[in-house]
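Participant: What follows is a single structure, and I will ask about it in a moment.
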Amino acid sequence: MLDYLHIRGLALLDDVALEFEPGMNVLTGETGAGKSIIVDALALLRGARGRGELVREGDEAARVEAQFTVREGVHARLGGFFDTHDLDLENGQLVVERKLKRSGRGRAAVQSNLTTLSVLSELGGELLEICSQHEHHSLTHVGHHLELLDAHAELDGPEGPLERYAAEYRGWRALVQRVEDIRDHEAERLQRADYLRFQIEELERVAPEPGEHEALRERLTLLRDAHELGRFSAEAHQLLYERDDAIASRLAVLLDRARRLGEGKKLAALDEMAEQLESAQIAAEEAASAAARMSDAIECGPGELEQVQDRVHELERLRRKHGCDIDELLERVAAMGEELESLEGAEEQLGELEAEALSRHRRCLALADELHERRAAAAGSLARAVEAELTALHIPNARLAVAIQPFDARSESDADEAPKLGPRGRDRAELRFSANPGEPLAPLTKVASGGELSRVLLAVKSVLSTEQRVSTYVFDEVDAGVGGAVAEAIGSRLRKAASHHQVLCITHLPQIAAFADAHFRVQKQVVDGRTVTRVVALDEDARVEELARMLGGKRVTASAREHARALIDEARRWRSAGKSAKKKTGKATKAVKKKATKVAKKPSAKKSTATKPAKKPTAKKPAKKPTAKKPAKSRSKRRSA
Numbered sequence: 001m002l003d004y005l006h007i008r009g010l011a012l013l014d015d016v017a018l019e020f021e022p023g024m025n026v027l028t029g030e031t032g033a034g035k036s037i038i039v040d041a042l043a044l045l046r047g048a049r050g051r052g053e054l055v056r057e058g059d060e061a062a063r064v065e066a067q068f069t070v071r072e073g074v075h076a077r078l079g080g081f082f083d084t085h086d087l088d089l090e091n092g093q094l095v096v097e098r099k100l101k102r103s104g105r106g107r108a109a110v111q112s113n114l115t116t117l118s119v120l121s122e123l124g125g126e127l128l129e130i131c132s133q134h135e136h137h138s139l140t141h142v143g144h145h146l147e148l149l150d151a152h153a154e155l156d157g158p159e160g161p162l163e164r165y166a167a168e169y170r171g172w173r174a175l176v177q178r179v180e181d182i183r184d185h186e187a188e189r190l191q192r193a194d195y196l197r198f199q200i201e202e203l204e205r206v207a208p209e210p211g212e213h214e215a216l217r218e219r220l221t222l223l224r225d226a227h228e229l230g231r232f233s234a235e236a237h238q239l240l241y242e243r244d245d246a247i248a249s250r251l252a253v254l255l256d257r258a259r260r261l262g263e264g265k266k267l268a269a270l271d272e273m274a275e276q277l278e279s280a281q282i283a284a285e286e287a288a289s290a291a292a293r294m295s296d297a298i299e300c301g302p303g304e305l306e307q308v309q310d311r312v313h314e315l316e317r318l319r320r321k322h323g324c325d326i327d328e329l330l331e332r333v334a335a336m337g338e339e340l341e342s343l344e345g346a347e348e349q350l351g352e353l354e355a356e357a358l359s360r361h362r363r364c365l366a367l368a369d370e371l372h373e374r375r376a377a378a379a380g381s382l383a384r385a386v387e388a389e390l391t392a393l394h395i396p397n398a399r400l401a402v403a404i405q406p407f408d409a410r411s412e413s414d415a416d417e418a419p420k421l422g423p424r425g426r427d428r429a430e431l432r433f434s435a436n437p438g439e440p441l442a443p444l445t446k447v448a449s450g451g452e453l454s455r456v457l458l459a460v461k462s463v464l465s466t467e468q469r470v471s472t473y474v475f476d477e478v479d480a481g482v483g484g485a486v487a488e489a490i491g492s493r494l495r496k497a498a499s500h501h502q503v504l505c506i507t508h509l510p511q512i513a514a515f516a517d518a519h520f521r522v523q524k525q526v527v528d529g530r531t532v533t534r535v536v537a538l539d540e541d542a543r544v545e546e547l548a549r550m551l552g553g554k555r556v557t558a559s560a561r562e563h564a565r566a567l568i569d570e571a572r573r574w575r576s577a578g579k580s581a582k583k584k585t586g587k588a589t590k591a592v593k594k595k596a597t598k599v600a601k602k603p604s605a606k607k608s609t610a611t612k613p614a615k616k617p618t619a620k621k622p623a624k625k626p627t628a629k630k631p632a633k634s635r636s637k638r639r640s641a
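Per the UniProt record's numbering, the sequence shown starts with residue 1, numbered consecutively.
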């Protein structure tokens with residue numbers, strides 16, 4: 001459940017801190033006071049995209065922080081989530097933070113560890129569900145009806161049948177796409193293979209070798225200047241080594257005299273000269289050897305010059321054609337060979353992909369059949385449960401049916417073909433509705449009025465609230481367009497939902513606010529010339545005054561106060577009666593649940609303590625923000641969500 005909420009710098013909420021109770025928490029106030037901004041703050045914690053215009057003028061960023069107590073069932077599921085994302089869940093306490101900058105960007109954190117919006121959205125889906133005043137319009141989208149049926153049939157949980165199908169479906173679609181890509185680009189593939197084959201054959205015919213191009217260019221230079229270079233190398237070899245007075249010979253004589261003069265003497269200058277003479281002699285001999293090697297290299301057979309020239313020209317042509325040197329071209333040849341092998345094996349690969357896609361498709365069909373059977377079994381129970389809720393919401397003659405149809409309309413000619421598959425299986429669902437006796441069922445999107453859509457939505461949420469894992473439900477003015485006895489009925493249904501989950505409800509109707517376990521008034525004030533929103537937790541007397549204001553407007557009369565007290569007393573009697581009835585039927589309920597678990601596992605609902613007046617919380621500014629290690633102060637009457 002949501003224990004604590006701290007909002008700073010978000011629109012009119014400059015600094016607001018709230019401590020919520022288990023059960024039903026109600027927020028009331030004048031239109032425009034800032035109630036829905038609190039819902040916006042909760043949506044940010046649920047991973048919603050932030051809008052920079054929400055940041056309060058004069059502030060650099062808005063900050064929203066919340067602390068949750070995670071109940072046992074959710075704790076067990078979130079254990080794997082926290083292990084996956086390397087987070088710690090300490091003592092069932094969870095702290096979530098969101099910072100929103102004016103640019104629209106910001107950061108999110110869980111247990112003081114930075115995280116992504118996708119992770120925050122996944123986590124928020126386990127903690128909060130927000131039902132806004134405009135959400136009943138989602139019922140006009142037929143695609144949403146299948147999601148409601150799947151939730152009732154418990155198909156959409158982690159590692160559930162719908163998730164298994166979705167994984168198989170994504171794999172199948174990926175294979176189909178690869179097959180289509182290969183087929184669509186068949187002409188291009190063949191053309192590319194021909195091109196690569198030609199290039200490789202040409203290169204294999206020329207057969208260049210690493211370093212060959214540079215070596216041949218050097219050889220060509222030698223051959224072109226062979227006469228002059230030959231005469232030079234011969235003269236150099238004679239002067240350095242062959243003649244009697246060759247340089248190497250003279251250096252040898254000088255070296256011998258220097259060594260004899262230095263015998264028995266320690267003359268550094270003479271020793272140094274001897275070392276240098278020895279080095280010079282060695283250098284002269286090496287130069288003579290180089291001259292001899294050059295003479296040998298210049299020698300060539302008949303036609304060698306022309307052969308080298310032709311080879312160099314061939315390699316130069318390849319280099320210009322491919323725009324790279326020969327060594328790099330050799331690397332390209334290897335890559336082209338691998339690509340050609342892949343293209344030539346595409347036919348075989350296509351066959352393998354088609355076989356794998358067919359196998360995946362069969363598995364998808366089997367899983368889709370399982371989903372269809374589960375949906376067909378759940379459609380009737382969902383319709384009956386919603387009809388019962390609609391009766392309590394003053395549509396006594398309401399009839400509802402869930403029509404399950406093929407995902408894709410098919411003609412008689414293809415009736416024998418395999419059913420078409422979509423992301424959620426082979427089905428689409430449509431809610432059909434009739435509010436009046438004798439009227440046929442028709443698509444809900446066409447026959448329900450705005451007020452009826454609101455009540456259908458609330459009825460569906462009431463049914464699902466006993467089945468879904470979410471700890472906290474937020475209802476933002478879902479009572480729009482109703483009043484009187486219908487409003488009282490809506491209040492009782494919300495209070496019923498609060499016996500299983502924590503409920504936060506924003507309302508303008510006193511008949512609904514009377515059912516609150518904790519009541520907060522949202523009001524605007526002008527402080528130092530700036531408009532700010534304040535949230536005040538109401539005690540018993542203040543509740544009476546607030547309900548009287550909601551009944552009678554600005555001028556609160558004694559009769560309005562009396563009416564307000566009557567509404568509160570009536571709500572308490574309803575809770576007491578509900579608790580008494582729950583005790584009487586406790587054994588029967590347990591027997592029914594025990595039987596139901598054999599078909600599908602359902603979460604257990606804790607016994608409501610709403611008949612005991614809850615200790616009223618106070619809205620105050622915290623001395624410091626909550627951390628996971630130091631949770632917000634717990635209260636004796638607070639229970640986990």
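In this text, a Cβ means the ideal position worked out from N, Cα and C, and glycines have one as well.
Taking 8 Å as the threshold (C-beta atoms), are Glu-488 and His-508 in contact?
Facilitator: Taking 8 Å as the Cβ cut-off, His-508 and Glu-488 do not qualify as a contacting pair.
Participant: If you follow the beta strand (DSSP E) that Ala-377 is in, where does it begin and where does it stop?
Facilitator: Run containing Ala-377: none in the beta strand (DSSP E); it sits in the alpha helix (DSSP H), 346–392.
Participant: Could you compute how far the alpha carbon of Leu-229 sits from the alpha carbon of Leu-190?
Facilitator: When rounded, the distance between both Cα atoms is 54 Å.
Participant: So, at 7 Å on beta carbons, what are the nonlocal neighbours of Glu-389 in its own chain, with the 5 sequence-adjacent residues on each side left out?
Facilitator: Contacts found: Ala-459, Ser-462, Val-463 and Arg-493.
Participant: Helix, strand or coil: which one does DSSP assign to Gln-111?
Facilitator: In the structure shown, Gln-111 sits in coil (DSSP, three-state: anything other than H, G, I, E or B).
Participant: What is the rounded straight-line gap between the Cα of Leu-393 and the Cα of Val-486?
Facilitator: Between Leu-393 and Val-486, the C-alpha separation is close to 6 Å.
Participant: Starting from the C-beta of Cys-364, find all residues in its chain whose C-beta is less than 8 Å away, skip the five residues before and the five after it, and write them out in chain order.
Facilitator: Cβ within range, chain order: Tyr-165, Glu-168, Tyr-169, Trp-172 and Leu-421.
Participant: Does Tyr-4 pass the burial test, meaning 16 or more other C-beta atoms within 10 Å, or should it be called exposed?
Facilitator: It counts as buried.
Participant: DSSP beta-bridge partners for Leu-148?
Facilitator: Looking at the DSSP assignment, Leu-148 forms no beta bridge with any residue, so it has no partner.
Participant: Which complete beta strand (DSSP E) runs does the stretch 456–516 hold, if anything under 3 residues is left out?
Facilitator: Runs of the beta strand (DSSP E) inside the stretch 456–516: 472–476 and 502–506.
Participant: Do Leu-538 and Leu-567 come within 8 Å of each other at the CB atom, strictly closer than that value?
Facilitator: Cβ atoms of Leu-567 and Leu-538: not closer than 8 Å.
Participant: Would you call the CB atoms of Ala-236 and Glu-285 closer than 8 Å?
Facilitator: For Ala-236 and Glu-285, no; Cβs fall outside 8 Å.
Participant: Taking the alpha carbon of Glu-21 as the point to measure from, which residue in Arg-534, Arg-573, Thr-533 and Phe-520 has its own alpha carbon closest?
Facilitator: Measuring from the Cα of Glu-21, the nearest candidate turns out to be Phe-520.
Participant: Rounded to a whole number of angstroms, what is the C-alpha to C-alpha distance between Leu-87 and Phe-81?
Facilitator: When rounded, the distance between both Cα atoms is 8 Å.
Participant: Could you give the distance in angstroms between the alpha-carbon of His-145 and the alpha-carbon of Gly-29?
Facilitator: The alpha-carbon atoms of His-145 and Gly-29 are separated by roughly 33 Å.
Participant: On the three-pair Cβ rule with 8 Å, is the stretch 437–457 touching the stretch 365–380?
Facilitator: The stretch 437–457, when compared against the stretch 365–380, does not touch it at the 8 Å Cβ threshold.
Participant: Measure from the alpha carbon of Glu-540 to the alpha carbon of each residue in Arg-561, Ala-48 and Arg-534, then state which is nearest.
Facilitator: With distances taken between Cα atoms, Glu-540 lies closest to Arg-561.
Participant: Output the boundary residues of the beta strand (DSSP E) element that contains Glu-129.
Facilitator: Glu-129 -> beta strand (DSSP E) spans 128–131.
Participant: Look up Phe-520 in the DSSP assignment and give the residues it is bridged to.
Facilitator: Answer is Leu-27 and Ala-537, bridged to Phe-520.
Participant: Is Gly-104 closer than 8 Å to Gly-50 when the C-beta atoms are compared?
Facilitator: The answer is yes: Cβ separation under 8 Å.
Participant: What residue does the alpha helix (DSSP H) around Ile-198 start on, and which one ends it?
Facilitator: It should be pointed out that residue 198 corresponds to Phe in this sequence rather than to Ile. Counting along the chain, the alpha helix (DSSP H) containing Phe-198 begins and ends at 186–206.
Participant: Could you check which residue in Leu-100, Leu-89 and His-85 has the C-alpha nearest to that of Val-55?
Facilitator: Selected option, being the one with the closest Cα: Leu-100.
Participant: Taking the straight line between their C-alpha atoms, what separation do you get for Ala-288 and Gly-211?
Facilitator: Those two C-alpha atoms are separated by around 28 Å.
Participant: Check the C-beta distance from Arg-102 over to Gly-52 and give it rounded, since I have them as a contact under 8 Å.
Facilitator: The pair is a contact, with the Cβ atoms about 5 Å apart (cut-off 8 Å).
Participant: When burial is assigned at 16 or more other CB atoms within 10 Å of the CB, is Pro-440 buried or exposed?
Facilitator: Classification for Pro-440: exposed.
Participant: Return yes when the Cβ of Leu-89 is within less than 8 Å of the Cβ of Val-456, no when it is not.
Facilitator: Going by C-beta atoms, Val-456 is not nearer than 8 Å to Leu-89.
Participant: Beta carbon of Glu-430, beta carbon of Pro-443: below 8 Å?
Facilitator: In this structure, Pro-443 lies closer than 8 Å to Glu-430 by Cβ.
Participant: Would you mind sorting Leu-10 into buried or exposed? The rule is 16 or more other CB atoms within 10 Å of its CB.
Facilitator: Its Cβ being crowded by 16 or more others within 10 Å, Leu-10 is buried.
Participant: Between which two residues does the alpha helix (DSSP H) harbouring Leu-261 extend?
Facilitator: 247–261 is the extent of the alpha helix (DSSP H) around Leu-261.
Participant: What's the C-alpha gap between Ala-41 and Asn-91?
Facilitator: Rounded to the nearest angstrom, the two C-alpha atoms are 25 Å apart.
Participant: Hey, Ala-283 and Met-273: beta-carbon distance below 8 Å or not?
Facilitator: In this structure, Met-273 does not lie closer than 8 Å to Ala-283 by Cβ.
Participant: Looking at C-alpha atoms only, which residue of Ile-182, His-213 and Lys-554 is the closest neighbour of Arg-319?
Facilitator: Nearest C-alpha to Arg-319: His-213.
Participant: Return yes when the C-beta of Gly-422 is under 7 Å from any heavy atom of the ligand ADP, and no when it is not.
Facilitator: The ligand ADP is not part of this structure, which contains no ligands at all.
Participant: Have a look at Pro-396 and Ser-454 and give me their C-alpha separation to the nearest angstrom.
Facilitator: Looking at the two C-alpha atoms, the distance is approximately 15 Å.
Participant: Identify the continuous alpha helix (DSSP H) that holds Arg-8 and give its terminal residues.
Facilitator: Where Arg-8 is concerned, there is no enclosing alpha helix (DSSP H), although the beta strand (DSSP E) it sits in stretches over 2–10.
Participant: Within 10 angstroms of the Cβ of Thr-557, are there 16 or more other Cβ atoms? Answer buried if so, exposed if not.
Facilitator: By the 10 Å Cβ count, Thr-557 comes out exposed.
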